[in-house]
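Each residue of the sequence shown is one higher than the last, beginning at 804 in this note's numbering.
All residues carry an ideal CB built from backbone N, CA and C; glycine is no exception.
To start, the structure itself, in structure tokens.
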Amino acid sequence: MAEDLVLDTAIRDWVLIPLTVVMILIGILRYFVSKLMQSQQTPDAKIVKEGQVVVRARNLRAGANFIPAKSFRARRAYFSNEENGLLHVPKGQGQNPQAQMFSDPNMAMDMMKKNLSMIIPQTLTFAWVNFFFSGFVAAKIPFPLTQRFRSMLQNGIDLSTVDVSYVSSRSWYFLNLFGLRGLFSLILGEENAMDDTQRMMQMGGFGFDPTKNLSAEKDGLDIIQHEWALPKFEQRAEAVLKKLVS
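So, in structure tokens, the structure goes:
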């Protein structure tokens, strides 16, 4: 049987609340530090041009059925022609994201700054939590949970008799680390809020390859089937106007 615990109010005042406040302040401070460390980069004209081509091709796919078949085929050939189409990427000319990063020192420096702005505060905060607050039962979730949540909620407490709904101080740190995006979106704005899960997913990236978008858009434009959506629209419009007049 799982045991019920009576939590001291001092744990709430000296562990739970300080830990939460510190995590929020560190998240806000890290955001402003990353903004200060971010360098201003001039956009690459080639990447901007390729992005505009992709947007135009998507607009063509979206409105394909509202233009005549002959016009659609001419526009599709203009984009996806195998010789000189705007979406055609010759073999061997695709950019390697790793080579792109190492060839541009500013890109590599920005990525290193982003990683350092995430790793250093996390390391120091975890060391602080592990040294001062290790072994505390900080809170209790107000609903029952299964045993699968024990390793996630009771990190640092090796007691199988404690109910799963109790949260250790170390687990509370991880819950705040990965779950404060909603609060940061209210404080910093939705566009500026990014939780550490997304940052970790971006750490493994080595640049961006815009040629993949061109190839994917070309494939989507090649397989689309044109179905004229406005057959005899002049006659239909005339009939509607006659009904309105009569």
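- Taking the Cα positions, N918 is about 18 angstroms away from F977.
- Residue pairing by DSSP puts S971 in a beta bridge opposite V940.
- The three-state reading of DSSP puts V965 in strand, counting E and B together.
- If you draw a straight line from the Cα of Q1038 to the Cα of G866, it comes to about 22 angstroms.
- Judged by beta-carbon spacing, I827 lies beyond the 8 angstroms limit of A941, meaning their Cβ atoms are not closer than that value.
- Cβ contact annotation for G938 (same chain, cutoff 8 angstroms, sequence separation greater than five): G959, I960, S971, S972, in chain order.
- For the pair R878 and L890, the CB atoms are not nearer than the 8 angstroms cut-off.
- In the pairwise beta carbon analysis, the stretch 817-835 is classified as touching the stretch 925-932: at least three pairs are separated by under 8 angstroms.
- The three-state reading of DSSP puts Q950 in helix, counting H, G and I together.
- Taking a contact to require three or more Cβ pairs closer than 8 angstroms, the stretch 940-955 and the stretch 919-929 do not qualify as touching.
- Annotation: A867 is outside any alpha helix (DSSP H) and is labelled neither H nor E by DSSP.
- Beyond the five residues adjoining it in sequence on each side, F869 comes within less than 7 angstroms, by CB distance, of A1032, L1033 in the same chain, given in chain order.
- L948 is not a Cβ neighbour of S963, given a cutoff of 8 angstroms.
- In the displayed model, P893 falls within coil according to three-state DSSP, outside both helix and strand.
- The DSSP-derived three-state label of D847 is coil.
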